[in-house]
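Just so we're aligned, residue 48 is where the first sequence starts under the working numbering, counting upward by one. Yeah, the Cβ is synthetic: ideal placement off N, Cα and C, and Gly gets one too. Bear in mind the structure is a predicted one, so any value in this text is a computation, not a measurement. Structure first, commentary second.
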Amino acid sequence: MEKMENKKKLVEAITAQEVDFAQWYTDICTKAELVEYSSVKGFVVVRPYGYAIWENIQKNLDTRFKATGHENVAMPMLIPESLLQKEGELVNGFAPEVAWVTMGGSEPLEERLAVRPTSETLFCDHFNHVLHSYRDLPMLYNQWCSVVRWEKSTRPFLRTREFWWQEGHTIHETAEEAMAETEQQLNCYADFCEQDLCMPVVKGRKTEKEKFAGAEATYSIEAMMKDGKALQSGTSHYFGDKFSRAYDVTFAGRDNTLQYPYQTSWGASTRLIGAIIMTHGDDDGLILPPAIAPIQVVIIPVAAHKPGVLEKARELAEGIGKYARVKLDDSDKAPGWKFSQWEMKGVPLRIEVGPRDLEKNQCVLVRRDTREKQFITLDELPTAIPAALDALAKDLYARALENREQRTFSATTMDEVKALAAKKTCFIKTMWCGSLACEEAMKAEAGLSSRNMPFAQEHLADVCPLCGKPATKMVVWGVAY
RNA sequence: CGGGGUGUAGCGCAGUUGGUAGCGCGCUUGGUUCGGGACCAAGAGGCCGUGGGUUCAAAUCCCGUCACUCCGACCA
48 MEKMENKKKL VEAITAQEVD FAQWYTDICT KAELVEYSSV KGFVVVRPYG YAIWENIQKN
108 LDTRFKATGH ENVAMPMLIP ESLLQKEGEL VNGFAPEVAW VTMGGSEPLE ERLAVRPTSE
168 TLFCDHFNHV LHSYRDLPML YNQWCSVVRW EKSTRPFLRT REFWWQEGHT IHETAEEAMA
228 ETEQQLNCYA DFCEQDLCMP VVKGRKTEKE KFAGAEATYS IEAMMKDGKA LQSGTSHYFG
288 DKFSRAYDVT FAGRDNTLQY PYQTSWGAST RLIGAIIMTH GDDDGLILPP AIAPIQVVII
348 PVAAHKPGVL EKARELAEGI GKYARVKLDD SDKAPGWKFS QWEMKGVPLR IEVGPRDLEK
408 NQCVLVRRDT REKQFITLDE LPTAIPAALD ALAKDLYARA LENREQRTFS ATTMDEVKAL
468 AAKKTCFIKT MWCGSLACEE AMKAEAGLSS RNMPFAQEHL ADVCPLCGKP ATKMVVWGVA
528 Y
């Protein structure tokens, strides 16, 4: 009985996932102190704890980018309208959501300036100036910045009018090289998501309908959230020489003829934080993958006023600090309050030290995901903590993968597709003839959009379930965030 | 952009037929506590989202507007 009441009290702080998943998500965002709504619609304040997660994502990805030769740059945030308009498809794709600057101080501007929704145009303009010879290639650039897109409906991390991201922009001498770059960066995102965010992803190519405006091919990694919806978690585009031609970016080739370079761009954003929340979180709050957790281990002293307890806790913090990100919570809150608070914030491991432990030279080590408690002698900590972090990460991945597998189905007829989609939110794999009409019909009839055409293709049937015509491509369909 | 819901203290909410604002948590100070959200005492904190209107009088009634939120549409 008492345990039930305790449980209830813990849970009432946030809405249960089963009751209302969307509300649960919003609760986590604000109550785990990740974001605060700002005074401008659709814009958020990313609070210290949320930003610390983003910084860890940045560090990790940045290291990966640099390992493959990319360099960071900073582009202006404003784009002259005339520059933006040089590539027709891109303009049309983004026109509805561009914010414009029309005044400089009190003077109207001669030409209005777009707040960047993405920076292809700026990079092209720059490449136009600095590229001369094939000897300058490849140029492998990346920038960390925020962009603005005037979205109609917004949700923290998933879709905000300003968001933080990185955008990689590269130009290459040959199409083959650019295509290899596109694939390399998609794999980079996939590896990061799977290894460090403990989140399995489906790698594949977007359909014509879903591809980036102006790209020749768009590739994505698609993750499945706990509620069965899909979240596009990273994209990589191959542009061919479309932008080069539109922006007149040229170089003198090996044969001394003027040539257009082949281009790529790729991006991942603070949306990844939303992905982490909805992939791993539970009714008690966040569960952070150790690789990006701002705090990996929190130490909670019990009866901190008793002789030796706080001293021992400090000593432990110093020792653990050598191999993990650790925080000692020596505030004067009650231990139970601290337990709940740090669980809400998703800290992977908790250590409790109290008077009873001091006598036995031990502490209590608790995993956030399973709440499993074990007594560990203090000498064992340097091996026990890394092992526990590692085990937790593996289990997070396994659970996320299991969720996806339990919610992924194959179908060969529309009756099957509709029955599956009506039963629960899921991924449905079918063959597809490649026509836009069938893609639109899938949305109209089953409420599903194409997520991507996975690299790991399967042959499920000979024909498209929508039109009955021959089909050779397998598509994953789902409900997207 | 369409439809629903909500705006009253930092958070969650109450406020009846209009009469000038309250509760819980949190916060501050002091004390006792401390192995799953401790307790006592004394305090601080509100232009009732915002702009108009009706009225002797508006948190309450009317109109506008803004924001948040959910469901659609839209969104690489």
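**Prompt:** Given G401, which residues of its chain have a CB within under 6 angstroms of its CB, disregarding the five upstream and five downstream residues?
**Reply:** For the purposes of this step, residue 401 is taken as the residue at position 354 of the first sequence. Around G401: V349 and A350.
**Asked** Buried or exposed: where does V585 fall if 16 or more other Cβ atoms within 10 Å of its Cβ makes it buried?
**Response** Outside the shown range of the chain, which is 48 to 528, sits residue 585, and nothing can be said about it.
**Message:** Restricting to runs no shorter than 4 residues, where is the alpha helix (DSSP H) found entirely within the stretch 372–421?
**Reply:** Correct list: 382–391 and 402–407.
**Request:** From the DSSP output, in three-state form, read off V345 for me.
**Result:** Residue numbering aside, residue 345 sits at position 298 when the first sequence is read from its first letter. Note: V345 maps to strand in three-state DSSP.
**Asked** When we look at the beta-carbon of K470 and count the other beta-carbons within 10 Å, is it buried (16 or more) or exposed?
**Response** To locate residue 470, count along the first sequence from 1; it is residue 423. The residue in question, K470, is exposed, as its Cβ has fewer than 16 Cβ neighbours within 10 Å.
**Prompt:** To which residues of the same chain is S497 closer than 8 angstroms at the C-beta, ignoring the five residues directly before and after it?
**Reply:** Position 450 of the first sequence, counted from the first residue, corresponds to residue 497. Closer than 8 angstroms at the Cβ level, and outside the excluded window around S497, lie K253, T254, K256, E257, W479, E486, M489, V522, V523 and W524.
**Prompt:** Shortest alpha-carbon distance to Y266 belongs to which of S280, P433, M272 and C410?
**Reply:** Start at 1 with the first residue of the first sequence, and residue 266 comes out as number 219. Residue S280 is the option with its Cα nearest to Y266.
**Request:** Have a look at A493, A484 and W313 and flag the residue whose alpha-carbon is nearest the alpha-carbon of V464.
**Result:** On the first sequence, position 417 is the one that residue 464 refers to. Closest by alpha carbon: A493.
**Request:** Could you give the DSSP three-state label for D67: helix, strand or coil?
**Result:** Against the first sequence, residue 67 aligns to sequence position 20. Coil at D67, not helix or strand.
**Request:** Return the CA-CA distance between E59 and K392, expressed in angstroms with no decimal places.
**Result:** Along the first sequence, read from residue 1 onward, the residue named residue 59 stands at position 12. Along the first sequence, read from residue 1 onward, the residue named residue 392 stands at position 345. Caution is warranted here: a pLDDT of 47 is assigned to E59, below 50, making its placement in the model unreliable, and no coordinate value can be reported.
**Asked** Roughly how many angstroms separate the alpha carbons of T304 and N139, rounded to a whole number?
**Response** Position 257 of the first sequence, counted from the first residue, corresponds to residue 304. Position 92 of the first sequence, counted from the first residue, corresponds to residue 139. When rounded, the distance between both Cα atoms is 33 angstroms.
**Message:** Closest to R415 by C-alpha separation, out of T430, N408 and L436, would be which residue?
**Reply:** As a first step, residue 415 is located in the first sequence; it is residue number 368 there, counting from the start. With respect to the C-alpha of R415, the residue from T430, N408 and L436 having the closest C-alpha is L436.
**Asked** Among A227, Q310 and Y236, which one has its Cα closest to the Cα of G261?
**Response** Walking along the first sequence from the start, residue 261 turns up at place 214. Of A227, Q310 and Y236, the residue nearest in Cα terms is Q310.
**Request:** State yes or no: is the C-beta of F422 within less than 8 angstroms of the C-beta of V411?
**Result:** Start at 1 with the first residue of the first sequence, and residue 422 comes out as number 375. Start at 1 with the first residue of the first sequence, and residue 411 comes out as number 364. Cβ distance < 8 angstroms, so F422 and V411 count as in contact.
**Short Cβ contact (8 angstroms threshold) for H117 with N189** = As a first step, residue 117 is located in the first sequence; it is residue number 70 there, counting from the start. As a first step, residue 189 is located in the first sequence; it is residue number 142 there, counting from the start. Closer than 8 angstroms, so yes.
**Asked** Residue range of the beta strand (DSSP E) that V93 falls in?
**Response** As a working note, residue 93 is residue 46 in the first sequence. That run of the beta strand (DSSP E) goes V91 to V93.
**Prompt:** Do G287 and A222 have their CB atoms nearer than 8 angstroms?
**Reply:** Taking the first residue of the first sequence as position 1, residue 287 is located at position 240. Taking the first residue of the first sequence as position 1, residue 222 is located at position 175. Yes, the pair counts as a contact, with Cβ atoms nearer than the cut-off.
**Asked** Excluding the five sequence neighbours on either side, which residues of its own chain have a C-beta within less than 7 angstroms of the C-beta of D243, listed in chain order?
**Response** For this step, residue 243 is matched to residue 196 along the first sequence. Around D243: N107, P336, A338 and I339.
**Request:** May I have the straight-line CA-CA distance separating G321 from F204, to the nearest angstrom?
**Result:** Numbered from 1 along the first sequence, position 274 holds the residue referred to as residue 321. Numbered from 1 along the first sequence, position 157 holds the residue referred to as residue 204. Between G321 and F204, the C-alpha separation is close to 5 angstroms.
**Prompt:** What residues in its chain sit with their C-beta under 8 angstroms from that of M122, if we drop five residues either side in the sequence?
**Reply:** Along the first sequence, read from residue 1 onward, the residue named residue 122 stands at position 75. Closer than 8 angstroms at the Cβ level, and outside the excluded window around M122, lie R163, S166, L169, F170, H173, Q190 and C192.
**Asked** Quick one: is M272 buried, meaning 16 or more other Cβ sit within 10 Å of its Cβ, or exposed?
**Response** Start at 1 with the first residue of the first sequence, and residue 272 comes out as number 225. With 16 or more Cβ atoms within 10 Å of its Cβ, M272 is classed as buried.
**Prompt:** Is it a yes or a no for the stretch 146–158 touching the stretch 60–80, going by three-plus beta-carbon pairs under 8 angstroms?
**Reply:** no
**Prompt:** Name the DSSP bridge partner or partners of D189?
**Reply:** The sequence position of residue 189 within the first sequence is 142, counting from 1. Note that residue 189 is Asn in the sequence shown, not Asp. N189 pairs with N119 and G215.
**Message:** Output needed for H216: all residues of its chain with C-beta closer than 6 angstroms, excluding positions within five of it in sequence on either side, in chain order.
**Reply:** Locating residue 216 in the first sequence gives position 169, where the first residue counts as 1. So the qualifying residues of the chain are F170, Y188 and S312.
**Asked** Just how far apart, CA to CA, sit T460 and L507?
**Response** On the first sequence, position 413 is the one that residue 460 refers to. On the first sequence, position 460 is the one that residue 507 refers to. Looking at the backbone, the Cα of T460 and that of L507 are separated by about 11 angstroms.
**Asked** Using DSSP with H/G/I as helix, E/B as strand and the rest coil, what is R301?
**Response** Numbered from its first residue, the first sequence carries residue 301 at position 254. Note: R301 maps to coil in three-state DSSP.
**Asked** Excluding sequence positions up to five away, which residues of its chain have a Cβ less than 6 angstroms from the Cβ of K133?
**Response** Position 86 of the first sequence holds residue 133. If we look at K133 and ignore the five residues flanking it on each side, its Cβ neighbours are A293 and Y294.
**Message:** Using C-beta distances below 8 angstroms, list every residue in its chain close to E83, excluding the 5 sequence neighbours before and after it, in chain order.
**Reply:** Counting from 1 along the first sequence, the entry for residue 83 is found at position 36. Excluding residues within five positions, the ones whose Cβ falls inside 8 angstroms are T77, V91, V92 and R94.
**Asked** Does the Cβ of P512 have 16 or more other Cβ atoms within 10 Å, making it buried, or fewer, making it exposed?
**Response** In the first sequence, the residue the question calls residue 512 occupies position 465. Label assigned to P512: buried.
**Asked** Is I126 closer than 8 angstroms to L160 when the C-beta atoms are compared?
**Response** Here residue 160 is taken as the residue at index 113 of the first sequence, counted from 1. Here residue 126 is taken as the residue at index 79 of the first sequence, counted from 1. In this structure, I126 lies closer than 8 angstroms to L160 by Cβ.
**Asked** Which two residues bound the contiguous alpha helix (DSSP H) that contains A488?
**Response** In the first sequence, residue 488 corresponds to position 441, counting from 1. The continuous alpha helix (DSSP H) containing A488 extends over residues L483 to A493.
**Message:** Suppose the cutoff is 8 angstroms on Cβ atoms and the five residues either side in sequence are ignored; what does the same chain contact list for L495 look like?
**Reply:** The residue given as residue 495 occupies position 448 in the first sequence. Hits under 8 angstroms: V464, A468, I475, M489, W524, G525 and V526.
**Asked** Thinking C-beta only, is Q213 closer than 8 angstroms to G314?
**Response** Counting from one through the first sequence, the residue named residue 314 turns up at place 267. Counting from one through the first sequence, the residue named residue 213 turns up at place 166. Contact: yes.
**Asked** Hey, how far is the Cα of K385 from the Cα of T110?
**Response** Walking along the first sequence from the start, residue 385 turns up at place 338. Walking along the first sequence from the start, residue 110 turns up at place 63. Taking the straight line joining both Cα atoms gives about 34 angstroms.
**Request:** Could you tell me the distance, in whole angstroms, from the CA atom of R61 to the CA atom of W71?
**Result:** On the first sequence, residue 61 is found 14 positions in, with the first residue counted as 1. On the first sequence, residue 71 is found 24 positions in, with the first residue counted as 1. Residue identity check: residue 61 is Ile in the sequence provided, not Arg. Whole-angstrom Cα-Cα distance: 6 angstroms.
**Whole-angstrom distance between E144 and S387, CA atom to CA atom** = Counted from its first residue, the first sequence places residue 387 at position 340. Counted from its first residue, the first sequence places residue 144 at position 97. Between S387 and E144, the C-alpha separation is close to 41 angstroms.
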